[in-house]
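S.K.: Starting off with a structure, shown below.
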Amino acid sequence: AVGAKADSDFGVRDTAVEKLADEELLGQIAKTDTDYSVRQTAVRKLTDQTLLAEVAKTDSDFRVRETAVEKLTDQVLLAQVANTDSDPSVRRTAVKKLTDPGMLAEVLKSVADHFAVMVSGHYQGCKFVASIDASSREVCALQVEFKNATLSEALADSALAAWRVALASRGYKVPDSLV
23 AVGAKADSDF GVRDTAVEKL ADEELLGQIA KTDTDYSVRQ TAVRKLTDQT LLAEVAKTDS
83 DFRVRETAVE KLTDQVLLAQ VANTDSDPSV RRTAVKKLTD PGMLAEVLKS VADHFAVMVS
143 GHYQGCKFVA SIDASSREVC ALQVEFKNAT LSEALADSAL AAWRVALASR GYKVPDSLV
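The numbering of the sequence shown is this note's numbering, which starts it at 23 and goes up by one.
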């Protein structure tokens with residue numbers, strides 16, 4: 023634990039942090055180490071949502087904030103980060119983590135570098151909503167609602183295939199991780 027906080031070499035501190043399990047000590051390191059990579063390693067090991075929230079809102083390095091956001095589950099906090107973080111990649115990560123449709127809709131109304139494309143259709147009773155990054159035209163988040171349909175694996179597969187084709191035909195990029 024001493025090497026995790028005291029060694030002058032960031033590589034030694036980073037290696038020591040990888041071996042830590044003490045949540046309190048990891049939190050201290052995540053908030054105070056002078057090297058972003060050591061803070062980022064500590065954040066990767068954190069599970070305390072309060073500590074992760076603090077780091078997501080206050081760290082000086084976007085990479086550390088983004089790592090914290092990847093581990094957050096609080097939808098209100100994710101919406102705040104999506105609306106206010108100074109870095110577009112951190113905001114995009116927060117949008118990707120949003121699962122609450124109401125929160126996602128609110129964020130999409132207020133975030134300048136994202137816009138919503140809603141494809142509502144008659145595809146066998148399915149409704150689709152996508153959050154798309156305006157600059158890269160990449161889909162950040164997908165939501166599928168089975169309105170008048172009974173969910174089945176076959177219907178889900180065919181609906182997502184149709185969704186991918188519809189978005190691609192409009193020039194949007196859909197990462198494989200989303201479908």
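Here a beta-carbon is modelled for each residue, glycine too, at the ideal position from N, C-alpha and C.
In this text the structure is predicted, and so the values were computed from the model without any measurement.
Do you know whose CA, among Asp-70, Gly-49, Thr-69, Asp-107, lies nearest Arg-87's CA?
M.R.: In the sequence shown, residue 87 corresponds to position 65, counting from 1. The shortest C-alpha separation from Arg-87 is found at Asp-107.
S.K.: When you compare only the Cα positions, how much space is there between Asp-31 and Ser-59?
M.R.: By 1-based counting over the sequence shown, the position of residue 31 is 9. By 1-based counting over the sequence shown, the position of residue 59 is 37. For Asp-31 and Ser-59, the distance between alpha carbons rounds to 12 Å.
S.K.: Between the alpha carbons of Asp-64 and Ser-191, how many angstroms are there, rounded?
M.R.: On the sequence shown, position 42 is the one that residue 64 refers to. On the sequence shown, position 169 is the one that residue 191 refers to. Sequence check: residue 64 is Ala here, not Asp. Those two C-alpha atoms are separated by around 42 Å.
S.K.: Given Glu-160, which residues of its chain have a CB within under 6 Å of its CB, disregarding the five upstream and five downstream residues?
M.R.: For the purposes of this step, residue 160 is taken as residue 138 along the sequence shown, with counting starting at 1. Within the same chain, Glu-160 has close Cβ partners Lys-195.
S.K.: Which of the three DSSP states is assigned to Ala-43 in this structure?
M.R.: In the sequence shown, the residue the question calls residue 43 occupies position 21. Coil, per DSSP.
S.K.: Can you name the start and end residues of the alpha helix (DSSP H) that Lys-195 belongs to?
M.R.: Here residue 195 corresponds to residue number 173 of the sequence shown, with the count starting at 1. That residue, Lys-195, is in no alpha helix (DSSP H); it is neither H nor E in DSSP.
S.K.: Residue ranges of each beta strand (DSSP E) run of no fewer than 3 residues wholly in the region 61-145, ordered along the chain?
M.R.: Here the runs fully enclosed are 136-145.
S.K.: Out of curiosity, what's the CA-to-CA distance linking Gly-49 and Val-77?
M.R.: Within the sequence shown, residue 49 is the residue found at index 27, counting from 1. Within the sequence shown, residue 77 is the residue found at index 55, counting from 1. Their backbone Cα atoms lie some 9 Å apart in a straight line.
S.K.: Are Ala-52 and Leu-68 closer than 8 Å when you measure CB to CB?
M.R.: Here the question's residue 52 lines up with position 30 in the sequence shown. Here the question's residue 68 lines up with position 46 in the sequence shown. The answer is yes: Cβ separation under 8 Å.
S.K.: Spatial neighbours of Gly-193 within its chain, please: C-beta separation below 7 Å, excluding the five flanking residues on both sides.
M.R.: Position 171 of the sequence shown, counting from 1, holds the residue named residue 193. Arg-159, listed in sequence order.
S.K.: So Ala-163 and Ser-174 are supposed to be a Cβ contact under 8 Å. How far apart are they, rounded?
M.R.: The sequence position of residue 163 within the sequence shown is 141, counting from 1. The sequence position of residue 174 within the sequence shown is 152, counting from 1. Contact flag wrong, Cβ pair sits at about 23 Å.
S.K.: So which of Glu-45, Leu-47, Asp-57, Ala-176 has the shortest CA-CA distance to Val-34?
M.R.: Here the question's residue 34 lines up with position 12 in the sequence shown. Comparing Cα positions, the closest option is Asp-57.
S.K.: In whole angstroms, what separates the C-alpha of Arg-114 from that of Glu-46?
M.R.: Numbered from 1 along the sequence shown, position 92 holds the residue referred to as residue 114. Numbered from 1 along the sequence shown, position 24 holds the residue referred to as residue 46. Roughly 29 Å separates the two Cα atoms.
S.K.: If you draw a straight line from the C-alpha of His-144 to the C-alpha of Ala-127, how long is it?
M.R.: Locating residue 144 in the sequence shown gives position 122, where the first residue counts as 1. Locating residue 127 in the sequence shown gives position 105, where the first residue counts as 1. Unreliable positioning characterises His-144 in this predicted model, as indicated by a pLDDT of 47, which lies under 50. A coordinate reading is not provided.
S.K.: I'd like to check one pair, Thr-89 with Leu-62: are the Cβ atoms closer than 8 Å?
M.R.: As a first step, residue 62 is located in the sequence shown; it is residue number 40 there, counting from the start. As a first step, residue 89 is located in the sequence shown; it is residue number 67 there, counting from the start. According to the sequence displayed, residue 62 carries Gln and not Leu. Yes, they are a contact pair.
S.K.: Helix, strand or coil: how does DSSP classify Ser-199 here?
M.R.: As a working mapping, residue 199 is identified with position 177 in the sequence shown. Three-state result, Ser-199: helix.
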